[in-house]
Amino acid sequence: TQLLEQSPQFLSIQEGENLTVYCNSSSVFSSLQWYRQEPGEGPVLLVTVVTGGEVKKLKRLTFQFGDARKDSSLHITAAQPGDTGLYLCAGVFGNEKLTFGTGTRLTIIP
Amino acid sequence: EADIYQTPRYLVIGTGKKITLECSQTMGHDKMYWYQQDPGMELHLIHYSYGVNSTEKGDLSSESTVSRIRTEHFPLTLESARPSHTSQYLCASSDPGDIYGYTFGSGTRLTVV
Chain A
9 TQLLEQSPQF LSIQEGENLT VYCNSSSVFS SLQWYRQEPG EGPVLLVTVV
59 TGGEVKKLKR LTFQFGDARK DSSLHITAAQ PGDTGLYLCA GVFGNEKLTF
109 GTGTRLTIIP
Chain B
4 EADIYQTPRY LVIGTGKKIT LECSQTMGHD KMYWYQQDPG MELHLIHYSY
54 GVNSTEKGDL SSESTVSRIR TEHFPLTLES ARPSHTSQYL CASSDPGDIY
104 GYTFGSGTRL TVV
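So the protein lines, in turn, are chains A and B. Residues in the first sequence are numbered from 9 upward in steps of one, following the working numbering. Residues in the second sequence are numbered from 4 upward in steps of one, following the working numbering.
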């Protein structure tokens, strides 16, 4: 089983601040996805990245896939309380099943 | 509007009872999965299926069993619940290439007392 490490594990910041969370592996991903999970619900897909160096934007969220396809980052600009949740990266290695990362629990303080 | 449904949402049950957690999807996906997740923690794959009559154990050992008699239905059964089974159980499905990601249900929060 491949291991995806996310950092930080916990992050608590004030509303309006910017933040970046990271997802790292020692192996090359075929593709990588980011999910957000709110308390009491299942994870919801935010984005899929496939090409090394790819950048995708979703309103205030910017996702970047590393050139070597071993890492990814999620940057949130001007965080809002609605951004609070557990952020999970998930990668596909070759033709294997999706492997989920360890998660970053984000809390935005109003 | 959910395309994958899990019931019940919450279940409190006594030790030794047999339980079945239901999961159904309306997307016609062949691939379905069961994950176990402690609150705020990472997801652990416990079972998966790539089609009717196909089931496999996941990365995390589990005393539960699953069946896949119909494409849309993937129930999980615990023959004798124990307090160590207390957790959230999430069901998911995906398209053949996983291109659109996994679609998750809202989960069943199980408490065994």
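Glycine included, every Cβ here is placed at the ideal spot set by N, Cα and C.
Among B:60, B:85, B:52, B:23, which has the Cα closest to the Cα of residue 33 of chain B? Here the question's residue 33 of chain B lines up with position 30 in the second sequence. For the residues B:60, B:85, B:52, B:23, the minimum Cα distance to residue 33 of chain B belongs to B:52.
Under DSSP, the beta strand (DSSP E) around residue 90 of chain B begins and ends at which residues? Locating residue 90 of chain B in the second sequence gives position 87, counting from the first residue. Residues 90 to 97.
For the stretch 80 to 98 of chain B, enumerate the residues whose C-beta is nearer than 9 angstroms to any C-beta of chain A, in chain order. Residues of the stretch 80 to 98 of chain B whose Cβ lies closer than 9 angstroms to any Cβ of chain A, in chain order: 91, 93, 94, 95, 97.
8 angstroms is my cut-off, CB to CB: does residue 107 of chain B come that close to chain A? Numbered from its first residue, the second sequence carries residue 107 of chain B at position 104. Interface residue (Cβ-Cβ distance to chain A less than 8 angstroms): residue 107 of chain B is classified as such.
Using Cβ-Cβ distances below 9 angstroms, what residues of the stretch 26 to 47 of chain B are close to chain A? So the list reads 34, 36, 38, 40, 42, 43, 44, 45, 46, 47, given in the order they occur along the chain.
Can you check whether the C-beta of residue 112 of chain A is within less than 8 angstroms of a C-beta belonging to chain B? Position 104 of the first sequence, counted from the start, is the residue given in the question as residue 112 of chain A. False, the Cβ-Cβ gap to chain B never drops below 8 angstroms.
Going straight from the alpha carbon of residue 69 of chain A to that of residue 17 of chain B, what length do you get? Here residue 69 of chain A is taken as the residue at index 61 of the first sequence, counted from 1. Here residue 17 of chain B is taken as the residue at index 14 of the second sequence, counted from 1. Their backbone Cα atoms lie some 44 angstroms apart in a straight line.
Under the three-state reduction of DSSP, which class applies to residue 99 of chain A: helix, strand or coil? Position 91 of the first sequence, counted from the start, is the residue given in the question as residue 99 of chain A. Correct three-state label for residue 99 of chain A: strand.
Can the beta-carbon of residue 92 of chain A be found less than 8 angstroms from the beta-carbon of residue 19 of chain A? In the first sequence, the residue the question calls residue 92 of chain A occupies position 84. In the first sequence, the residue the question calls residue 19 of chain A occupies position 11. A distance of 8 angstroms or more separates the beta carbons of residue 92 of chain A and residue 19 of chain A.
Would you decide whether residue 105 of chain A is buried or exposed? Buried here means 16 or more other CB atoms lie within 10 Å of its CB. The residue labelled residue 105 of chain A in the question sits at position 97 within the first sequence. With 16 or more neighbouring CB atoms inside 10 Å of its own CB, residue 105 of chain A falls in the buried class.
Bridge partners - residue 30 of chain B, DSSP secondary structure assignment: Numbered from its first residue, the second sequence carries residue 30 of chain B at position 27. DSSP, once it has assigned bridges, lists no residue as partnering residue 30 of chain B.
Quick check: the Cα distance between residue 33 of chain A and residue 56 of chain A, rounded to an integer number of angstroms? Along the first sequence, one-based indexing puts residue 33 of chain A at 25. Along the first sequence, one-based indexing puts residue 56 of chain A at 48. Each residue's alpha carbon lies about 16 angstroms from the other.
Indicate the three-state DSSP secondary structure (helix, strand or coil) for residue 93 of chain A in the structure shown. On the first sequence, residue 93 of chain A is found 85 positions in, with the first residue counted as 1. Note: residue 93 of chain A maps to strand in three-state DSSP.
Would you say residue 51 of chain B faces chain A, with C-beta separation under 8 angstroms as the test? The residue you call residue 51 of chain B lines up with position 48 of the second sequence. Yes - at least one Cβ of chain A is within 8 angstroms of the one on residue 51 of chain B.
Determine whether the Cβ of residue 104 of chain B lies closer than 8 angstroms to any Cβ atom of chain A. By 1-based counting over the second sequence, the position of residue 104 of chain B is 101. Using a Cβ-Cβ cut-off of 8 angstroms, residue 104 of chain B counts as an interface residue toward chain A, since at least one Cβ of chain A sits closer than that to its own.
Contacting residues, own chain, Cβ-Cβ under 8 angstroms from residue 118 of chain A (five flanking each side not counted): As a working mapping, residue 118 of chain A is identified with position 110 in the first sequence. These residues qualify, in order along the chain: 23, 89.
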